[in-house]
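Below you'll find the structure, written out as C-alpha cells, and then a few comments.
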Amino acid sequence: MQPCLADLYANPSSLHREGQRARAAVERAREQVAALVHAHPDEVVFTSGGTEGDHLAILGAAWARRAAGTRIAISAVEHHAVHGACEVLADQGWSVDHLPVGSDGRVEAGAFAPADGTVLVSLMFANNETGVLQPVEQVARRAREAGILVHCDAVQGAGKVALDFRSLGVDYLVVSAHKMSGPKGAGALITRRGAPLSPLFRGSGHEGGRRGGTENLPGIVGLGVAAEWAARDLVAESERLAALRQRLEAGVRAVAADAVLHGEGAPRLPNTVNVSFPGARSDHLLMALDARGIAVSAGAACASGAVEPSPVLRAMGVPRAIAICAVRLSIGRTTTAAEVDAVIEALREAVPAATRVGSTGAVGVAGAAATTGVTAAAATATSPRGGPGALA
Ligand code: PLP
C-alpha cells in the first residue's frame, strides 16, 4: 500500500501515463480478489467494505427485481449490515422474513420454503460472533430452483476457509479487507455475470457502472495483497488456526468446567471461539481481561459496549443469563501458541474477578498492571465504566 500513497497518486480514470499505472494497480487487485473466491475479475466491484457491499447487493438486487415481488428472506443471525439494508427495504414497504436457526446456529436448508413474492435470500457464509458456517450451497440451490436471487455475506469466511463463488451458487458475495488482515475501509462485492444490480451511487461509469466514485487506490491495493496472501496460505493457516482454537477451548474448559462454547459441534471458522462463563457478565469480563492486556469482544465487535444479550445467541435459544456472559475470542494471523496460553492464564484470574463484580460491583484486579504489563492508558480508558479506581 505504501507505494500507492507515495508514488501512485494519479486517478485510475485518468488517461495519462500515471493514471494508467494506477489503473493497472486496480486491475491487478481485481484479479487477486477474483482468484481468492474463484470468480472472474469482471465480477469484482470494489466497495468501501462489507457494509457497503451488503447494501449494494441487497438493495441493488431488490430494486432491480422490484417488478417481480417485494419480499426478501434473511437468516435470523445476519450481521447488522444486512439488517440495515433490510430496514431500508422495509421503509419502502418490503416484507422481510427471518429464517430461524437451530441451537447450533445453523439454518436448516431443507426447511427453506420461501413465501410467494420473495425475490432475494440473504444467508451469511460464517457468523461474525460464533464463526458457525451456514449451508449456503444447499439454500442457494433451492432458491435458484424457485427463481430467487441469493446474496451471501462472506466477510468473516473469506480468506480463512476455502470459498468458491461458482460452486456456492450465489449471485452476490461480499468480502472485506480488514477481516483478512488488510486495511479497513476496503472491500468488494462479487456479482455474477448477468445478475441484476441497480447501483447505489451513480457516477461516471466507475466499476462498470455498478459503483460510482473514484477508487480508493491504497485500500484496493491492500485488499488485493491481503486476498493473495490469504489464498497462498489458506490451507496451512486454517490448520494452524484450528490447532490454536483447540488449545484455547481446552484451556477454557480447564479454567471453568461450566463454560458454554456457543456453536460447538457445528462446522465453524477455525479462528473464532464464543464462550460464556456463567456468572461473569461479558462487559465485566471484557474489562478484567483488558486490564490484563487481552482484547476480547462482548457480543458483536461492531456493537461493543451494549450489555443487551446478542441477538445471534438469542436466535440460537441461548438463555438470557448465559447470553449476557458471552465473549468472543478471535485468533489472528499473528497469534502464537504462547499468546493463547497467556489468554488462558489471564482467564484464570479474570473470570473469578468478573464474577465478583456481579456480586460486589468492583472488578478487583489490583496488581494486574504489575503482572501483565497493562498500560496506564488501558486502565484509564476502562475505569469510567468500572467506576473510579475500579481498575488498579
Ligand atoms: N458482515 C460481517 C459478517 C461482518 O463481520 C462485518 C464486520 O465485522 C461486516 C459485514 C461489515 O464489514 P465492514 O466493517 O467492512 O463494513
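The sequence shown begins at 12 in the numbering used here and counts up one residue at a time. The beta carbon of each residue, even a glycine, is placed where N, CA and C say it ideally should be. For clarity, every value in this text was computed on a predicted model and none was experimentally measured.
Reference residue i; option with closest CA among the options
i      : options                           : result
Pro111 : Val88, Ala291 and Arg359          : Val88
Leu340 : Thr129, Arg264 and Ser308         : Ser308
Gly404 : Gly193, Ser215, Lys190 and Arg221 : In this structure the chain extends from 12 to 403, so residue 404 is not present and cannot be described.
Leu234 : Ile342, Thr58, Ala357 and Pro125  : Thr58
Lys190 : Arg203, Trp240 and Glu156         : Trp240
Leu67  : Ala365, Ala270, Gly223 and Val271 : Gly223
Met302 : Tyr183, Val362 and Leu70          : As written in the sequence, residue 302 is Ala, which differs from the Met given in the question. Closest option to Ala302, Cα to Cα, is Val362.
Val259 : Ala101, Asn282, Asp269 and Gly274 : Note that residue 259 is Leu in the sequence shown here, rather than Val. The shortest Cα separation from Leu259 among Ala101, Asn282, Asp269 and Gly274 belongs to Asn282.
Pro14  : Ala92, Leu228 and Gly180          : Leu228
Tyr183 : Glu156, Ala79 and Phe136          : Phe136
Val172 : Gly369, Ser106, Ala242 and Val150 : Ala242
Val444 : Ser86, Leu208, Gly168 and Gly328  : The chain is shown from 12 up to 403; residue 444 falls before or after that span and cannot be answered.
Ala101 : Leu324, Ile69, Phe288 and Pro125  : Ile69
Leu252 : Ala364, Ser86 and Val351          : Val351
Ser321 : His90, Ala84 and His51            : His90
Gly343 : Glu148, Arg77, Arg256 and Ala238  : Arg256
Glu356 : Gly328, Pro278, Ala299 and Leu179 : Ala299
Gly80  : Gln149, Pro125, Ala96 and His94   : Pro125
Thr62  : Arg155, Glu275 and Gly95          : Gly95
C-beta atoms of residue i and residue j nearer than 8 Å
i      : j      : result
Ala35  : Glu29  : no
Asn138 : Gly116 : yes
Ile305 : Val236 : no
Ser133 : Asp164 : yes
Val44  : Val263 : no
Gly60  : Gly196 : yes
Leu131 : Leu160 : yes
Thr366 : Gly290 : yes
Gly142 : Leu47  : no
His162 : Ala72  : yes
Ala337 : Val286 : yes
Glu119 : Gly113 : yes
Arg153 : Phe123 : yes
Gly230 : Ala268 : no
Leu19  : Ala33  : yes
Gln145 : Leu280 : no
His295 : Val368 : yes
Ala325 : Ala334 : Contrary to the premise, residue 325 reads as Arg rather than Ala in this sequence. The answer is yes: Cβ separation under 8 Å.
Pro52  : Val37  : no
Trp105 : Ile85  : no
Val147 : Val99  : no
Ala261 : Phe288 : no
Residue i burial status per 10 Å Cβ neighbour count (16 or more: buried)
i      : result
Val246 : exposed
Phe212 : exposed
Leu16  : exposed
His27  : exposed
Arg407 : The question about residue 407 has no answer here: the residues shown for the chain are numbered 12 through 403.
Glu250 : exposed
Ala381 : Residue placement at Ala381 is flagged as unreliable, the pLDDT there being 29, under the threshold of 50; the coordinate-derived value follows with that caveat. Burial call: exposed.
Gly378 : At Gly378, the pLDDT of 33 sits below 50, so the modelled position is not reliable and the matter cannot be decided from this model.
Thr345 : exposed
Val376 : With a pLDDT of only 39 at Val376, under 50, the local geometry of the prediction cannot be trusted, and no value is derived from it.
Met12  : buried
Glu140 : buried
Gly193 : buried
Thr202 : buried
Asp178 : The question names Asp, but residue 178 is Ser in the sequence shown. When all chains shown are included, Ser178 counts as exposed.
Gly198 : buried
Pro330 : exposed
Val318 : exposed
Ala50  : buried
Ala238 : buried
Residue i, enclosing alpha helix (DSSP H) - first and last residue
i      : result
Ala270 : That residue, Ala270, is in no alpha helix (DSSP H); it is neither H nor E in DSSP.
Val338 : Where Val338 is concerned, there is no enclosing alpha helix (DSSP H), although the beta strand (DSSP E) it sits in stretches over Ala337 to Ser341.
Asp102 : His91 to Asp102
Phe176 : Phe176 to Leu179
Leu26  : Here Leu26 belongs to no alpha helix (DSSP H), and DSSP marks it neither H nor E.
Val323 : Pro322 to Ala326
Residue interval of the beta strand (DSSP E) (run including residue i)
i      : result
Leu296 : Taken as a continuous stretch (DSSP letters only), Leu296 belongs to no beta strand (DSSP E), being part of the alpha helix (DSSP H) at Ser293 to Asp301.
Ala1   : Outside the displayed range of the chain (12 to 403) lies residue 1, so it cannot be described from this structure.
Arg76  : Where Arg76 is concerned, there is no enclosing beta strand (DSSP E), given that its DSSP letter is neither H nor E.
Leu200 : Gly198 to Thr202
Ser187 : Tyr183 to Ser187
His217 : Taken as a continuous stretch (DSSP letters only), His217 belongs to no beta strand (DSSP E), being part of the alpha helix (DSSP H) at His217 to Gly220.
Val132 : Thr129 to Ser133
Val147 : Looking at the DSSP string, Val147 is not in any beta strand (DSSP E); the run it does join, the alpha helix (DSSP H), is Val147 to Glu156.
Ser287 : Thr283 to Ser287
Leu110 : Ser106 to Leu110
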